[in-house]
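Numbering (the numbering used here), first residue to last: 65 to 498.
Note sheet for the following structure.
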Amino acid sequence: MRKIICSFLMAGVFFSPFLLFSQEVPREKTALSELIEEALSQNPQIKAARNEWEASLQVIPQAKSLPDPMLSYSYFGQSVETRLGPQRNKFSLSQKFPFFGKLSLKGEIARKGASVLEEQYMAVKLNIVLKVKKAFFSLFWLDRAIRIAQEEKEVLERLAKIAEMKYETGKASQQDVLKAQLEISKVQDKLLILKQRRRAIAAGLNALLNHRPDSFIGEVEEFEIPELKVELEKLYEWAREMRPELRKAQHFIEKNEESLKLAKKNYFPDFRLMFDYIDIGAGTTTNVEDGRNSWMASVGINIPIWRKKLHAAEAEAATKLKASQDRYKNVQNETLSRVNELFFEVNTASEQVNLYKYSLLPQAEQSLKASEVGYLTGKVDFLNLLDAERMVLLIRIGYFKTIADLGKSLAQLERVVGKDLTEMQGLDSSNPHL
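Structure representation (structure tokens):
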């Protein structure tokens with residue numbers, strides 16, 4: 065009778081494993097779209113970059129404006145006698161006018177500088193989104209690894225009880241019992257490590273969200289496995305058009321082009337208009353003009369005669385322009401190289417996911433079932449059964465790790481291209497074999 069009960073217990077473990085895990089308590093889920101939205105609105109690094117960009121916009125009207133006019137007052141301590149009377153006070157007003165086109169060029173230089181900071185702001189946003197996605201996919205894998213390890217622990221505990229029953233009936237050795245207990249201890253150690261890693265990743269994600277490090281982040285929800293359906297040449301095209309670093313480098317070129325134009329404009333003089341009003345006291349004559357105030361208008365220009373200075377300024381601007389062009393070419397080369405690398409990395413990871421899903425997992429489960437039947441009939445020893453169970457565990461964890469790696473690689477590709485390449489929806493990243 066005891067043997068019959070033991071057989072039923074073992075069959076319950078082997079042939080109804082999902083009953084062990086179907087009563088899991090529902091937990092609050094974490095969606096990638098919600099994390100990204102919150103990071104974009106709350107992250108302080110993004111706010112700082114945006115403020116820097118907005119501040120640079122205020123430089124444009126300053127650069128385009130005329131310099132302040134100069135108002136001066138002169139008092140004649142020793143009056144200068146004129147035909148109409150003594151000069152007592154003098155009021156002067158002057159305004160400088162840069163040569164035609166200089167102010168508009170300065171405005172364009174400021175505008176291009178603001179565009180540089182705008183692209184820098186966009187780059188910061190994309191960097192934060194990338195970090196959020198990496199943390200999300202790490203949590204996705206860790207949550208599944210923790211769940212699988214907990215399931216493994218429960219199965220091992222059941223196996224340990226069965227080994228004890230078989231040991232009591234003389235059908236197994238004490239070594240089987242000790243081996244099962246050792247495996248349980250290993251899983252407990254693995255769980256501690258996985259949970260610690262999850263806490264560290266969650267703390268980093270909370271920092272990106274501007275939350276306290278210990279703020280709760282629920283289990284990552286299931287999602288549709290991302291798929292890349294874009295040709296490599298199209299990715300190259302998008303990267304050239306949309307990557308903030310390339311657009312920033314292009315704005316640097318345009319800014320330096322305007323600076324070179326301004327340096328050439330400095331060979332031409334600036335103008336100054338002046339107006340003087342002189343207060344004249346009453347004279348000693350009977351002339352009707354006696355004591356009448358006078359005024360004077362004048363115009364002046366600076367004379368740009370120090371050509372060495374002007375040539376040096378022009379050469380400096382030309383060299384900076386060449387440097388910015390070379391920098392753009394370097395960023396473009398690095399971008400296209402990285403796009404190529406990540407494109408094949410994503411495709412390789414996608415193929416690995418399919419390999420796990422359609423080959424490795426089914427094969428490992430078939431092997432485990434065969435070992436289970438063999439152990440029940442005494443044809444397979446306990447160590448071989450544990451090896452088969454461990455292999456299923458490793459492949460299940462590897463499957464989710466490969467999905468996480470695929471998501472991270474695709475996120476990096478999106479960062480380099482500067483464009484979302486797929487929609488991460490809360491659908492199904494699970495597997496019927498899991």
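We treat Cβ as the ideally placed atom computed from N, Cα and C, and that holds for glycine.
Going by DSSP, what residue range makes up the beta strand (DSSP E) through residue i?
| i | result |
| --- | --- |
| Leu337 | Phe335 to Ile344 |
| Ala379 | Where Ala379 is concerned, there is no enclosing beta strand (DSSP E), although the alpha helix (DSSP H) it sits in stretches over Arg371 to Leu419. |
Quick one: grab the DSSP three-state call for residue i.
| i | result |
| --- | --- |
| Gln260 | helix |
| Asn153 | strand |
| Ile317 | helix |
| Ser291 | The question names Ser, yet the displayed sequence has Glu at residue 291. Correct three-state label for Glu291: coil. |
| Ser129 | coil |
| Ser279 | coil |
| Tyr463 | helix |
| Tyr331 | coil |
| Gln122 | coil |
| Lys443 | coil |
| Asn274 | coil |
| Asp354 | coil |
| Leu485 | coil |
| Gly268 | helix |
| Gly471 | helix |
| Gly165 | coil |
Taking residue i and residue j to be in contact with their CB atoms under 8 Å, please state how far apart those CB atoms are, rounded to whole angstroms.
| i | j | result |
| --- | --- | --- |
| Leu425 | Glu453 | About 14 Å separates the two Cβ atoms, so there is no contact after all. |
| Phe510 | Leu104 | The chain is shown only over 65 to 498; residue 510 falls outside these bounds and no answer can be derived. |
| Val251 | Ala224 | Between Ala224 and Val251 the Cβ distance is about 12 Å, and since that is not below 8 Å, they are no contact. |
| Ile317 | Gln389 | 6 Å |
| Pro378 | Lys328 | Sequence inspection shows Glu at residue 378; the Pro mentioned does not correspond to that position. Their Cβ separation, rounded to whole angstroms, is 6 Å, which keeps Glu378 and Lys328 in contact under 8 Å. |
| Arg336 | Val363 | 7 Å |
| Glu429 | Val456 | 6 Å |
| Phe446 | Asp240 | 4 Å |
| Leu324 | Ala382 | 6 Å |
Any idea which residues DSSP pairs residue i with across the strands?
| i | result |
| --- | --- |
| Val480 | Bridge partners of Val480: none, in fact. |
| Gln159 | Leu337 |
| Met134 | Ser158 |
| Tyr139 | Asn153 |
| Val284 | Thr94 |
In its own chain, which residues sit with a C-beta less than 6 Å from the C-beta of residue i, not counting the 5 before and 5 after it?
| i | result |
| --- | --- |
| Glu322 | Leu169, Glu172 and Ile173 |
| Leu135 | Leu157 |
| Arg175 | Ile124 |
| Asn366 | Pro333 and Asp334 |
Hey, quick one: how far does the alpha helix (DSSP H) through residue i stretch, first residue to last?
| i | result |
| --- | --- |
| Ile100 | Leu96 to Gln106 |
| Ser431 | Leu425 to Leu440 |
| Ile365 | No alpha helix (DSSP H) holds Ile365; the beta strand (DSSP E) holding it covers Ser358 to Ile365. |
| Lys298 | Leu296 to Met306 |
Looking only at its own chain, which residues have a Cβ that is under 8 Å from the Cβ of residue i, when we skip the five neighbours before and after it?
| i | result |
| --- | --- |
| Asp207 | Arg262, Glu283 and Val284 |
| Val89 | Reliability of the predicted coordinates at Val89 is poor, the pLDDT of 35 falling under 50, and the value obtained from them is presented with this limitation in mind. Nothing listed; no residue qualifies. |
| Glu183 | Pro308, Glu309, Arg311, Lys312 and His315 |
| Ser129 | Leu167 |
| Ile281 | Thr94, Leu203, Ala266, Leu269 and Asn270 |
Following a CB-centred definition, is residue i positioned closer than 7 Å to any heavy atom of the ligand NAP?
| i | result |
| --- | --- |
| Glu183 | Absent from the structure shown: the ligand NAP. Ligands present: none. |
Among residues of its own chain, excluding the 5 on either side of residue i, which ones have a beta-carbon nearer than 7 Å to its beta-carbon?
| i | result |
| --- | --- |
| Val480 | Ala303, Arg307, Thr399, Arg402, Val403 and Leu406 |
| Ala244 | Leu220, Leu223, Ala224 and Ala227 |
| Asp501 | With the chain covering 65 to 498 only, the question about residue 501 has no answer from this structure. |
| Ala413 | Thr466, Asp469, Leu470 and Ser473 |
| Ile257 | none |
| Leu83 | The predicted model places Leu83 with a pLDDT of 34, which falls under 50 and marks its position as unreliable; any figure quoted below should be read in that light. None. |
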